[in-house]
Amino acid sequence: MAGRPKYLTEDERRAAQREASARWAANNPDRRRQSLQAYRSRISKLPKPADDTLKVCASCEAAKPLSEFYKSRNTLDGRGGTCRSCVSDQARAAKFGLSPAQFRAMWDDQAGECAICDDALVLGSKHGYAVDHDHTTGKVRGLLCHRCNFAVGHLRDNPLLCESAASYLRERA
0 MAGRPKYLTE
10 DERRAAQREA
20 SARWAANNPD
30 RRRQSLQAYR
40 SRISKLPKPA
50 DDTLKVCASC
60 EAAKPLSEFY
70 KSRNTLDGRG
80 GTCRSCVSDQ
90 ARAAKFGLSP
100 AQFRAMWDDQ
110 AGECAICDDA
120 LVLGSKHGYA
130 VDHDHTTGKV
140 RGLLCHRCNF
150 AVGHLRDNPL
160 LCESAASYLR
170 ERA
């Protein structure tokens, strides 16, 4: 695309996005204020659960236990406004361009198992799974367990190094 800079890495792209967003907010304070007011208005209209141990997610609008929300110093109840699963969905969409439906389809295609070792993957765990992707193009390759993702990364995403490592292990077994 003409006029758009090409970034070497995904991190550079995200950093440029953050900077552009901050510039927009600084240059458009009235529009930012309107946007925040619209958000606060929408949130205030969400139904309030009768039980103090529940909270309504601002994204999926489902009432969930407080344990399903990340801690936050910025709210009166000490919990963020969006539930953990919606935060994960938003992060995957921002980082990898994966919608929740695309992620679910990928999960189902792999039967909830690592694409390399077939170990069971765990949703909602810090090291339960990793979205494997090409760091240059950002293209998603599949879902891996933490160990396999670590191994592929340390072999620099290079198929020849992976084959050499496998050959080495076979010869010296």
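Per numbering that gives the first Met the number 0, the sequence shown starts with residue 0, numbered consecutively.
Glycine residues also receive a C-beta, built at the ideal position from the N, C-alpha and C atoms.
Whole-angstrom distance between residue j and residue i, CA atom to CA atom
| i | j | result |
| --- | --- | --- |
| Leu45 | Thr81 | 12 Å |
| Leu65 | Asp50 | 10 Å |
| Arg169 | His134 | 29 Å |
| Tyr38 | Asp117 | 43 Å |
| Leu160 | Asn148 | 15 Å |
| Arg13 | Leu97 | 15 Å |
| Phe171 | Ser163 | Before going on, a small fix: residue 171 reads as Arg here, not Phe. Cα-Cα distance, rounded: 12 Å. |
| Ser43 | Glu60 | 12 Å |
| Leu35 | Gln16 | 19 Å |
| Cys85 | Arg72 | 19 Å |
Rounded Cβ spacing between residue i and residue j (contact assumed at less than 8 Å)
| i | j | result |
| --- | --- | --- |
| Tyr69 | Arg91 | Not really, about 16 Å apart at Cβ, beyond 8 Å. |
| Cys113 | Leu122 | That belief does not hold up - the Cβ atoms of Cys113 and Leu122 are roughly 13 Å apart, past 8 Å. |
| Asp88 | Pro99 | 5 Å |
Residue range of the alpha helix (DSSP H) that includes residue i
| i | result |
| --- | --- |
| Pro158 | Pro158 to Glu170 |
| Asp10 | Glu9 to Asn26 |
Residue i and residue j closer than 8 Å at C-beta
| i | j | result |
| --- | --- | --- |
| Leu143 | Ala165 | no |
| Arg31 | Ala21 | no |
| His132 | Phe102 | no |
| Lys54 | Asp29 | no |
| Glu9 | Gly137 | yes |
| His145 | His126 | yes |
| Pro48 | Ala57 | no |
Sheet register partners of residue i (DSSP bridge)
| i | result |
| --- | --- |
| Arg78 | Lys70 |
| Val55 | Ala62 |
| Ala119 | Glu112 |
Boundaries of the beta strand (DSSP E) in which residue i is found, first to last residue
| i | result |
| --- | --- |
| Lys63 | Ala62 to Pro64 |
| Ala129 | Ala129 to His132 |
| Gly141 | Val139 to Leu143 |
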